[in-house]
Each structure stands twice: as structure tokens, then as C-alpha cells.
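Following: one structure in C-alpha cells, then a few remarks.
In my numbering, the protein residues as written are 12 to 553.
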């Protein structure tokens, strides 16, 4: 980081940039019946970087009227004496006063400063962003994040990411917000967590908008957006738990209305409040070093999850599971992405490799590897009446037949996983899958026809509780059992929250699993586990 940038960040610390805190939460004008707060209400953000452009985001409520034209400015210097581009953008009540202009004509591989100017002279806080590099690129660093339930803890992972000057880009793999209603904080210690709005489950457009407004007031999340661009995709909780193209586990049409109405409202609010394009999936070229793929694996092409539990109610559950395994579970029609996106991804990876790109990075909302319940999991249970008892025993029964215990991730779609890994097998390059959703940390080797074709790094949650919360067993013992009973699993952590930092070079990729406490905002301690893969080996070095 250069000298002027250091001075800029010291002079204008991200905690004191005029950002609203929880005590002055600014509600969307389209939601609140009283006179709304005006001006720039939720700082700024950036995303969708290319080698010559970047998307900028803000929200501005004008003092009067329902329409306003803002000017976005991007500069080489923090004092905006060397402005490289401007863009006028109109916004209003129809899109909750959010604005997302794209500014082009930029140089590749460099940091810029940006801001927004209102017609009355109001100026937003200044953010920092960067374009992707072009040509030969020797190194690049990506922070990977997922699953931030506000009720479960403080967003210390976002703050830690923002404070690391080595990180070039943030990749958010989904569950940026949660749709659940208000409930007591799940933390065992520490102060009561700040509230989230609304205090009921999200159903309508107004609900989703208000929840984003609540999240985006968090100072640690704002700090992350102020310091670097983000590439983001949604998972299920931006809409509803365990969503698929035709419904969700957490949606009841009889009382909550049509699924498509809710889904479309959630997707509209996401696209308003996030620094994202309107494209459901895309690719990003990081010089000749890597191509990063943003995918959609939740509601556009995803078929319904196989119903494992339904097989257990008959007189012979084992026979029912064998039939389920050999038919429903292996059905080639099952898809996480849909045929159009599957074909796009396979062709894009092939083209990227043919152009000499060294690494293929694929971001999925959920873990791709199949994870089986360990035989020793009965020892994790808290007691004979514990809620997890049936879940564990059914999972052990399934594992004995080669079946996973989670069917909401790629474990429920083995044919789709095989198609993806077969596409990876045709590439003369190195493939890294980056996955979220599970709330725990994972490192897998992936084989196709007994040949290593990819590795997978699964990120833990920013705050959301993991599987270990259901058991009395030591999380380290759970991790040991998981590794012993899952051949592709090289390492895992079953007890900590945090994020990942993937450092790419021309010869190797180093993935740091970083863990932080979430029961206080000023967390400073950290545990780090580094996992490495050398290029073209597609195998993890423990």
C-alpha cells in the first residue's frame, strides 16, 4: 500500500466517516410512514470489477420529491484532483433510492477512490476500489466470506478483512442477510447484539428492503465495502431457507402467498441494495493468473432437493434407502445450476484454459463435496432425547449405503457434481472450488475417474452457528471423526467463525482459514490454518 493511501486511511478512519450506527438507523423511505432521513444514508460500496470498469453503489434520499440525479466520480487521488471518470445516474422511490452506475475507461490493476455528489452539493463518504489486472499477473489475493446472521454475533470477519491491506477483492458466497424474524441472540456471553429490522420474517419487498437497511448500518460491514470491491452471489437466506426454483423449506404458500411473488421481491431488494450487476452469473478475468466464476445455485435452475427423510417412515427403511439411492438420488435430471448455466460454465472454463489462464476459481453457494455422517457420531449426542438423535442415526444409516447426510448442498445432486468434475477433468489447468453455506470450514480433494481434478475450500460463517452447536462433543473430536470417515476430506474445523483468504501465485495457491471471536466488536485474536495446493496437482498439501 502506498504512502498517500496510508495517510488517507489514517486521516479518514472508516469508523468515523459519518456512517450511521445502529442508534441512528435510517429506514427506507418506501417503508417508513414517518418523514425519512435524507441525504446519503448508507455510505458507499463497489463491485463487479473488470480490467477497465467498476460498478459503484450508494443510497441517497432527497430532501423533497421522489427522484434525484447523482453524479458518481472516480479518481486516482483521494482529494479528487485527478478524476478519471464521471457518471450521472437517476434514482428514486421505485428502487428505494439506491444507485448503481458503472464507470469505464479505467486502467487495469490499480486502486481508485470514488464518491457521489448530490444536486444540492452533498458529498458522500469516499470509498476505495480497484480494477482487475491485465496481462502477466504474479499474485492476487481474495477474501472469501459467507453466512452473516446478525443475531448470532458481531461482524468481526468483515472488519478484519477491511483492515488487511494485502487483500485485493472480497468474494461473498451468500447469506449476506437472513430472512428470519427477531429472536434472542444465540451468543452465550457478551453484550446483547444490536437489533435487526423488521422484527418479523421477510415476505414482502418492503421487508427485504428494511432488512438490508438494517444490515448495511453495521460499521464493520460498511468498513469492508469502503475498502475494496466485492463480487457477491445470493444463496438461500437472501430469499428463504432451503430455497429451490419452485419453493423453499421456509415458505408456506397458504399463509405467505405465492412463492414467485416472494422470490421476485427478494431478488429485487438484493439487486437494489447490493453492488451487483443484473446478470445471474458471470466471470472475471484476473490477468493471466486466474478466472473467477460467480455462479447461481439456488433459485433459477435448481431442482427440488431429494427427500431423504421421507424414505424412513416405512417398515423397511434400509430397503427404501437403497431404492432411493439407485433412483431418485442419482437422477441425472437433478441440477444445482440448470442446463444453461452448466453448459456456460464448462465452456467458459475450457476457453479460459485454452487462453493460458493458470487457475480456474469457481464460487458455489454450498459445499460441493459429499460428506457422510461418521460412524462415531453417536458419541456426539447430548442425551437419548436430544433433537439431533434421529438426525445422526439416520445419517449413519445413510452413510452405510454411500449416501450423504445433507441434501440441500451438492450432496443431493451427485449427477450434477459428476458433470462438473468431468468438465474439470478435461482442463490442463488447476481448479479451485470456493464454497459457503455450511457454517464450518473444509478442505477437500476432488477425484474424477480416480484422477485429481480439483480442490475445494469451504468457508465457515461470519457469525452463523455451525453443526457443532447441536452436540456436546468437543468440536475437535467431531473434526477428527469427519476426516476419518470421508476420504476426500483433508482438513476441517467444526467450532470457529471467520473467513478465508486465498492467495494466488503462479506456482501455488495458499488458502488461510482465519478465525475470530464474535462476542465482542473489537476482536483482535485470531487462529489461522493454512492449506496449500501447487499448480496442476489438484491436490491439497496438508
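Glycine included, C-beta positions come from ideal geometry on N, C-alpha and C.
- When DSSP states are grouped into helix, strand and coil, residue 546 belongs to the coil group.
- At a Cβ-Cβ threshold of 9 Å, residue 306 and residue 292 count as neighbours.
- Taking one beta carbon from each stretch, the segment 294 to 304 and the segment 357 to 374 have 3 or more pairs nearer than 8 Å; the two touch.
- Nearest in C-alpha terms to residue 225, of all of 509, 452, 53, 499, is 53.
- Note on residue 105: under 16 other CB atoms within 10 angstroms of its CB, so exposed under the neighbour-count rule.
- Out of 480, 456, 501, the CA that lies nearest to the CA of residue 548 is found in 456.
- When C-alpha distances from residue 335 are compared across 542, 296, 423, the shortest belongs to 423.
- A straight line joining the alpha-carbon of residue 400 with that of residue 389 spans about 8 Å.
- Across the set 484, 140, 131, the C-alpha of 140 shows the shortest separation from the C-alpha of residue 238.
- In the DSSP assignment, residue 502 falls outside any alpha helix (DSSP H) and lies within the beta strand (DSSP E) extending over 500 to 504.
- Listed in chain order, the beta strand (DSSP E) runs fully inside the segment 149 to 177 are 150 to 156, counting runs of at least 3 residues.
- Beta-bridge partners assigned by DSSP to residue 84: 97, 126.
- Residue burial annotation: residue 539 is exposed, with fewer than 16 other C-beta atoms found within 10 angstroms of its C-beta.
- Beyond the five residues adjoining it in sequence on each side, residue 84 comes within less than 7 Å, by CB distance, of 91, 94, 97, 125, 126, 128 in the same chain, given in chain order.
- Bounds of the alpha helix (DSSP H) holding residue 494 are 486 to 496.
- For residue 463, the three-state secondary structure derived from DSSP is strand.
- 9 Å or more divides the Cβ of residue 48 from the Cβ of residue 79.
- Residue 260 counts as exposed, since fewer than 16 other C-beta atoms from the protein chains shown sit within 10 angstroms of its C-beta.
- Contact annotation: the segment 162 to 175 does not touch the segment 109 to 120, with fewer than three C-beta pairs closer than 8 Å.
- Under the Cβ criterion (8 Å, minimum of three pairs), the segment 426 to 439 does not count as touching the segment 147 to 161.
- Residue 225: member of the alpha helix (DSSP H) spanning 216 to 226, first to last residue.
- The continuous alpha helix (DSSP H) containing residue 431 extends over residues 425 to 436.
- Taken through DSSP and simplified to helix, strand or coil, residue 111 comes out as coil.
- Take residue 380, set aside five residues on each side of it, and the residues of its chain with a beta-carbon closer than 6 Å to its own are 455, 467, 499, in chain order.
- A Cβ-Cβ distance of about 4 Å is found for the pair residue 509 and residue 526, placing them in contact under the 8 Å criterion.
- Boundaries cannot be given for residue 518, as no alpha helix (DSSP H) includes it and DSSP labels it neither H nor E.
- Here the C-alpha atom of residue 497 lies approximately 51 Å from the C-alpha atom of residue 88.
- For residue 541, DSSP records a beta bridge to 523.
- Per the coordinates, the alpha-carbon of residue 386 lies some 10 Å from the alpha-carbon of residue 495.
- If you ignore the 5 residues before and after residue 477, its C-beta comes within less than 6 Å of the C-beta of 450, 451, all in its own chain and listed in chain order.
- In the DSSP assignment, residue 333 falls within the alpha helix (DSSP H) that extends over 328 to 337.
- A distance below 6 Å between beta-carbons, with the five flanking residues on each side excluded, links residue 167 to the following residues of its chain, in chain order: 527, 529, 534.
- Only buried fits residue 137, as 16 or more other CB atoms lie within 10 angstroms of its CB.
- Within the model, the alpha-carbon separation for residue 255 versus residue 346 is close to 10 Å.
- Annotation for residue 289: 282 place their beta carbon closer than 8 Å to its own, counting only its chain and skipping 5 residues before and after.
- The beta-carbon distance between residue 249 and residue 186, rounded to whole angstroms, is 7 Å. This is short enough to meet the 8 Å contact definition.
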